[in-house]
Structures are given as C-alpha cells and as structure tokens.
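In this note's numbering, the protein residues as written are 4 to 374. By construction, the Cβ of each residue, glycine as well, lies at the ideal position given by its N, Cα and C atoms.
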C-alpha cells in the first residue's frame with residue numbers, strides 16, 4: 004500500500020542529494036558539491052548524504068553532510084525530505100532501496116546518470132550478467148517513477164539506449180564554479196594538462212606516447228597529469244622507459260582541486276574514448292583554456308559547439324602528437340579557442356545557470372506528486 008504524500012511545511016523545500024563515498028570519478032563529487040552550494044537558498048535547504056564505509060571526500064567539507072554505511076541507513080532522511088536526488092556514476096550503480104522508499108512515501112525523485120564507461124565483461128557469462136543488471140535497473144527506474152537525467156543530451160541518448168528505451172532520460176546540463184580567467188603562463192614550450200582517472204577508457208597512455216613521439220620529432224611538450232587509478236604506476240614506468248624527463252612530464256596524483264594545474268597549462272588534452280559530459284572540459288573553459296578531445300566525444304559539442312579542438316575519433320598516438328605539434332606552432336589558435344570556451348561558460352554552464360536548471364527540474368518533480 005502506498006503511503007500518502009507527506010504535507011509540505013512552510014519554509015524552504017528539503018532537498019537530499021545522495022552520492023556514494025567511492026564515486027570520486029569523472030568530476031562527480033565536484034558536481035554534487037557545487038550543486039549543494041548553489042542550491043542552498045530561501046527556496047531549498049540542502050543536505051548532502053554520503054553512502055559508503057569510506058570517509059566522505061574532503062571536497063564536501065563545510066557542507067551539511069549526513070553519513071551512512073549503506074543506503075538503508077538513509078531511509079529516515081529520505082522520508083523527511085521534500086525531494087530526493089540520487090547521483091549515480093553508471094547505470095549499474097544506484098541504491099534501489101532509496102528509490103523504493105521514496106516511491107512508497109511519494110517523495111519526488113531524480114536520478115542523474117553520469118555515465119563513464121561501464122564494465123564490458125571478459126566472458127560471455129559476465130557480459131550476460133551485466134546485461135541482466137542493466138535490464139533490472141531499467142525496470143526498477145521505470146517502476147519507481149523517478150525522473151532520470153544525464154549531464155548532456157548526448158549522454159541522455161546513450162543512457163536511453165543502454166536502458167533498452169524503457170526509461171525516458173533527459174539532459175540536465177551541469178555547471179562549474181567561476182575561478183576567474185587565468186592568462187597563459189607564456190612558456191616557450193607548449194604545456195598541456197590531463198585530468199582524470201588513470202583508467203583504460205580515459206586513454207592517458209595515448210598522451211604519454213604522443214609526448215614521446217613529439218619529442219622524437221624535435222618538439223618537446225611539457226605535461227601535467229592529474230589523477231590516480233590502476234594505470235598510474237605503469238604510466239610512470241612507461242614515461243621513464245620512453246626517456247621523458249620528469250621535469251617535463253609531471254604526475255600529481257589525485258587532487259581535490261586541479262585549478263592551479265589547469266591554469267598553469269596552455270590547454271587540456273582529454274583523449275577519452277567515452278564521457279558523459281566531461282566536467283574537466285568545462286573547468287578548463289571557465290579558466291579560458293581550450294581542450295583537445297576526440298571528434299564526437301559525448302557532450303563536448305553540446306557545451307562547446309565551436310570552442311574546442313579535436314583529433315579524429317580513432318586517433319592514435321601519432322595523430323595526437325601531430326596535432327599537438329601543430330598547436331605548439333599556432334599559439335594564437337590555442338588562445339582564441341580558449342577565449343571562445345570562456346564565452347560559452349559565461350553564457351551557458353556557469354554554476355548559476357546550472358543551478359537554475361536544477362531548480363526547475365526539482366520544481367517539476369515536486370509538482371508532479373503534489374497532494
């Protein structure tokens with residue numbers, strides 16, 4: 004039996020944002036933190052719920068945070084909320100018990116799928132199990148009546164396909180904080196940054212190989228790589244094996260805030276095979292930095308339609324090296340593209356603009372279940 008909708012009290016709506024402690028991937032923790040800060044207003048009172056036995060990411064310090072080892076520990080928080088927003092990194096990971104709690108108590112619920120690459124499975128059985136989990140997830144989302152979003156229209160299209168078109172998925176573009184335009188450092192050598200998890204689909208090894216190729220062709224390019232992950236040690240070993248000087252190729256590990264690294268670089272290089280909507284590209288744009296990505300990378304054409312640089316969709320290290328050598332010789336193109344990226348940030352994906360989009364989505368969900 005479905006519970007009656009709890010009557011709203013006077014005052015701001017109680018918004019519960021839920022994220023898993025382990026989800027320090029793809030800028031997800033930055034998105035949630037910034038959404039919480041932006042939406043704290045006379046209209047919404049925001050509580051951030053962190054699920055998992057790991058410590059809450061330091062990036063959440065200073066927010067109203069509740070902790071729970073598992074989703075069931077948040078049921079009381081869900082029941083006390085006016086709207087629930089679950090941030091999920093993939094289609095295979097969200098707390099279904101919270102969806103059902105919200106459904107029973109008629110709490111309007113949003114789920115944002117951030118869609119980094121999902122496990123593919125090495126064997127037929129594991130691939131079949133992943134397919135079954137996706138199917139069950141699609142049925143659960145449909146039955147729970149959640150409003151499902153992805154961080155771009157392109158990512159929403161991918162999500163609909165992966166959910167067997169059983170669930171409507173809409174784009175809900177996020178935003179990033181304005182840290183101010185930073186002028187280029189003006190170094191003689193081109194300096195690039197890579198920011199992301201050191202995992203296969205992000206292709207950080209491609210950048211290492213491209214740097215070695217460019218150096219062999221007489222064009223040394225300096226690079227800063229930010230992020231941790233399973234490939235980090237092998238990338239460091241590969242850089243040494245290729246003879247890349249450590250003062251030119253610097254590994255910073257995981258950083259809560261990569262702003263200073265991005266600001267000290269001439270451009271961002273993100274050779275990923277897939278993304279939902281890369282937050283770091285938007286962060287680079289906010290600083291006035293251009294990004295080099297693969298043609299057709301999900302979400303980038305949407306937020307930066309004419310303000311990014313590309314390599315081919317199947318580019319290898321040689322093609323990436325050639326593109327970087329071209330850009331090293333054409334700094335004006337790098338600078339003007341960065342300016343266009345900054346203009347796109349100001350008009351469409353500043354934090355204030357994203358906050359307005361989020362607030363509209365919450366109001367829409369609340370109206371749909373109003374008593």
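Buried or exposed: which applies to residue i, given that a residue is buried once 16 or more other Cβ atoms fall within 10 Å of its Cβ?
| i | result |
| --- | --- |
| residue 74 | buried |
| residue 29 | Caution applies to residue 29, whose pLDDT of 49 falls short of 50 and renders its modelled position unreliable; the value that the coordinates give is listed next. So residue 29 counts as buried. |
| residue 286 | buried |
| residue 126 | exposed |
| residue 261 | buried |
| residue 117 | buried |
| residue 278 | buried |
| residue 128 | exposed |
| residue 56 | exposed |
| residue 183 | exposed |
On the DSSP bridge assignment, give the partners of residue i in chain order.
| i | result |
| --- | --- |
| residue 20 | 51 and 88 |
| residue 361 | Looking at the DSSP assignment, residue 361 forms no beta bridge with any residue, so it has no partner. |
| residue 175 | Looking at the DSSP assignment, residue 175 forms no beta bridge with any residue, so it has no partner. |
| residue 314 | 297 |
| residue 226 | 195 and 252 |
| residue 353 | 179 |
| residue 283 | According to DSSP, which records beta bridges pairwise, residue 283 is partnered with nothing at all. |
Tell me the residue span of the beta strand (DSSP E) that contains residue i.
| i | result |
| --- | --- |
| residue 255 | 252 to 256 |
| residue 197 | 194 to 198 |
| residue 293 | 293 to 297 |
| residue 71 | 68 to 71 |
| residue 112 | 112 to 116 |
Whose C-beta lies closer than 7 Å to the C-beta of residue i among residues of the same chain, with five residues either side of it excluded?
| i | result |
| --- | --- |
| residue 342 | 291 |
| residue 102 | 112, 143, 147 and 149 |
Indicate, with yes or no, if the ligand MN has a heavy atom lying under 7 Å from the CB of residue i.
| i | result |
| --- | --- |
| residue 256 | Because no ligand of any kind appears in the structure shown, any question about the ligand MN cannot be addressed here. |
Return the chain-ordered list of same chain residues with a C-beta closer than 8 Å to the C-beta of residue i, the five sequence neighbours on each side being excluded.
| i | result |
| --- | --- |
| residue 4 | In this predicted model, residue 4 has a pLDDT of only 43, less than 50, meaning its place in the structure is not dependable; the value taken from the coordinates is given anyway. Closer than 8 Å at Cβ, skipping near neighbours: no residue. |
| residue 20 | 35, 38, 39, 49, 50, 51, 52, 88 and 90 |
| residue 368 | 86, 111, 112, 113 and 150 |
| residue 358 | 38, 41, 42 and 178 |
Could you please give the first and the last residue of the uninterrupted alpha helix (DSSP H) stretch that includes residue i?
| i | result |
| --- | --- |
| residue 216 | 207 to 219 |
| residue 105 | 99 to 107 |
| residue 33 | 31 to 42 |
| residue 153 | Not the alpha helix (DSSP H): residue 153 falls in the beta strand (DSSP E), residues 150 to 153. |
| residue 238 | 235 to 244 |
| residue 161 | 156 to 165 |
| residue 372 | Run containing residue 372: none; DSSP gives neither H nor E here. |
| residue 135 | 127 to 147 |
Please identify the residue among the options whose C-alpha is closest to the C-alpha of residue i.
| i | options | result |
| --- | --- | --- |
| residue 192 | 22, 331, 42 and 295 | 331 |
| residue 44 | 15, 174, 24 and 189 | 15 |
| residue 215 | 63, 358, 98 and 327 | 327 |
| residue 322 | 179, 268, 297 and 340 | 297 |
| residue 311 | 135, 68, 301 and 158 | 301 |
Just to confirm my understanding: we take residue i, look at its own chain, exclude 5 residues before and 5 after, and list those with CB closer than 6 Å. What are they?
| i | result |
| --- | --- |
| residue 258 | 229 |
| residue 241 | 211 |
| residue 104 | 78 and 81 |
| residue 316 | 297, 298 and 299 |
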